[in-house]
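Using the working numbering, read the sequence shown as starting at 5 and increasing by one per residue. Yeah, the Cβ is synthetic: ideal placement off N, Cα and C, and Gly gets one too. From a predicted model like this one, the values you see are computed outputs, not experimental measurements.
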Amino acid sequence: MGRGKVAVIGAGSLGSTVAYTLIMRRAVREILLVDISTEILQAQVLDLSEAALGTTIAVRAGTFKEAGQSDVILLTADVVRRHDEPYLEWIRRCRKLLRSITQSMNPIQPKAIIIVGIDPVDILTRHLQTTLNLPTSQIFGAGCTAQNTARARHWLAQMSETSDDAKAQIYVMGSRQLPVVAWHAALVDGQSVNTIPQLRVHRALLEQIVATDRIKEIKEYKGGAWYGHAALLTNVIESVLSKEASIHVLSVYVERFETCVSMPVAVTRNGVQQEVPIPLSVEEHHLLEHAVNNIIQQYEDSS
């Protein structure tokens, strides 16, 4: 039985794939699609409604105002970066789009959970936290670091021959531009990776895998990448609607850094509850600080 009403802002490839996955998992009660393109919106609603046949899930087109009254609001409407466009100028356009969307949604119901599913996730998440009258715990983002965490766990499982990703415990923090692999605290089946020779000797390979921009690579081949990210966003939405707490790597406000950065946190239906403490080496701590400083600088320069 699905739970809750989820609004998906942006009915393109990513938003519609999330909606389809939610239907397949019977995860929600109602899906509200919102998009400025009425033709695409109506077509996606008709198509997804066909997928929902035989379920109790309602799929319909909605307005921004209606979206603001949902239990979960997922933002997937993005701004395509122009060829040779300066990075900061692109960020400014992204923030301008978000400002327009949230103004159209106001007033947003006080218990809503807002999930930013687009880049630059750390900057846009912080932008919403400073412009909306909601607790920071109810506004967070899910980006490449979460996907990198899944990739790192899969690599550990394969390299250690356990073949079970659930037995690999490792987190990737920081940002898309500056990911930080928390190798110091990583475990495989309860054993430190530093005590497993075939992992320790190939640590640099994992760093290289995580540093590779897989989304950019996929886009070069087929113009977009949404399946992996949609699966990640669906998992987060399910966690928010669940009665049980679960751990995800999300872009959240970290008080000691005074900005948003991707960290492992516990999530419930009330939003982010607490950061999961992960022991870092001195080197990892410095790398995380570098990522944080980079986010702060870009946020200030794009204001």
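Locate the alpha helix (DSSP H) running through residue i, then write down its first and last residues.
i	result
glutamine 46	42 to 55
leucine 136	No alpha helix (DSSP H) contains leucine 136, which DSSP labels as neither H nor E.
glycine 178	Premise fails: glycine 178 lies in the beta strand (DSSP E), 176 to 178, not in any alpha helix (DSSP H).
threonine 25	17 to 28
glutamine 113	Neither: glutamine 113 is in no alpha helix (DSSP H) and is coded neither H nor E.
proline 201	201 to 204
leucine 284	Counting along the chain, leucine 284 falls outside any alpha helix (DSSP H), and DSSP gives it neither H nor E.
What is the rounded straight-line gap between the Cα of residue i and the Cα of residue j?
i	j	result
threonine 67	glutamate 293	40 Å
alanine 15	isoleucine 200	46 Å
asparagine 152	valine 176	6 Å
isoleucine 112	threonine 106	8 Å
isoleucine 241	serine 108	22 Å
arginine 30	isoleucine 117	20 Å
methionine 5	histidine 289	Residue placement at methionine 5 cannot be trusted, given a pLDDT of 47 that sits under 50; what the coordinates show is reported in the next sentence. Taking the straight line joining both Cα atoms gives about 43 Å.
glycine 275	valine 286	30 Å
threonine 149	glutamine 133	20 Å
serine 255	leucine 79	14 Å
isoleucine 300	leucine 57	46 Å
glutamine 162	aspartate 169	8 Å
alanine 295	arginine 218	19 Å
serine 246	methionine 267	21 Å
glutamine 142	lysine 115	8 Å
isoleucine 3	threonine 216	Lying outside 5 to 307, the shown extent of the chain, residue 3 is not represented and no answer is given.
aspartate 193	alanine 154	16 Å
threonine 272	aspartate 75	13 Å
serine 167	histidine 158	8 Å
threonine 135	alanine 270	24 Å
arginine 207	proline 90	34 Å
phenylalanine 261	leucine 50	45 Å
tryptophan 94	isoleucine 127	12 Å
valine 253	serine 179	11 Å
arginine 204	isoleucine 174	14 Å
leucine 37	alanine 229	20 Å
glutamate 248	isoleucine 27	21 Å
valine 258	valine 265	7 Å
serine 41	proline 283	47 Å
threonine 140	asparagine 198	36 Å
Using only alpha-carbon positions, find the residue among the options that is nearest to residue i.
i	options	result
threonine 59	Arg33, His252 and Leu101	Arg33
valine 280	Ser250, Val185 and Lys220	Ser250
threonine 314	Ser179, Val22, Arg155 and Asn110	Coverage of the chain is limited to positions 5 through 307, which leaves residue 314 absent and any answer about it impossible.
leucine 18	Val258, Tyr231 and Glu262	Tyr231
valine 84	Ala295, Ser307, Gly227 and Val296	Gly227
leucine 182	Gln212, His252 and Ser104	Gln212
leucine 160	Ala11, Gln202 and Thr25	Gln202
serine 104	Ser53, Val265, Val184 and Asp39	Asp39
aspartate 123	Arg204, Leu92 and Asn137	Leu92
glycine 147	Thr42, Arg86, Ile44 and Thr129	Thr129
isoleucine 61	Glu259, Arg86 and Arg7	Arg7
lysine 220	Glu248, Leu209 and His233	His233
tyrosine 3	Leu36, Leu52 and Val10	The question about residue 3 has no answer, for the chain in this structure spans 5 to 307.
isoleucine 196	Lys171, Ser243 and Gln46	The question names isoleucine, but residue 196 is serine in the sequence shown. It is Lys171 whose Cα lies nearest to the Cα of serine 196.
isoleucine 77	Arg96, Arg99 and Gly121	Gly121
Can you tell me which residues form a DSSP beta bridge with residue i?
i	result
glutamate 221	Beta-bridge pairing links glutamate 221 to no other residue.
cysteine 148	According to DSSP, cysteine 148 bridges with nothing at all.
glutamine 195	Val192
glutamine 173	Leu191
valine 63	Ile35
cysteine 264	Tyr257
threonine 272	Gly275
isoleucine 143	Ile118
I'd like the span of the beta strand (DSSP E) that includes residue i, first residue to last.
i	result
glutamate 34	34 to 38
alanine 11	9 to 13
isoleucine 117	117 to 120
leucine 254	250 to 258
serine 314	This structure cannot settle anything about residue 314, because the visible part of the chain is limited to 5 through 307.
valine 185	183 to 185
glutamate 165	Neither: glutamate 165 is in no beta strand (DSSP E) and is coded neither H nor E.
valine 276	275 to 279
TODO: Any chance you could list the beta strand (DSSP E) runs of at least 3 consecutive residues sitting entirely within the region 65 to 95, in chain order?
DONE: 76 to 79
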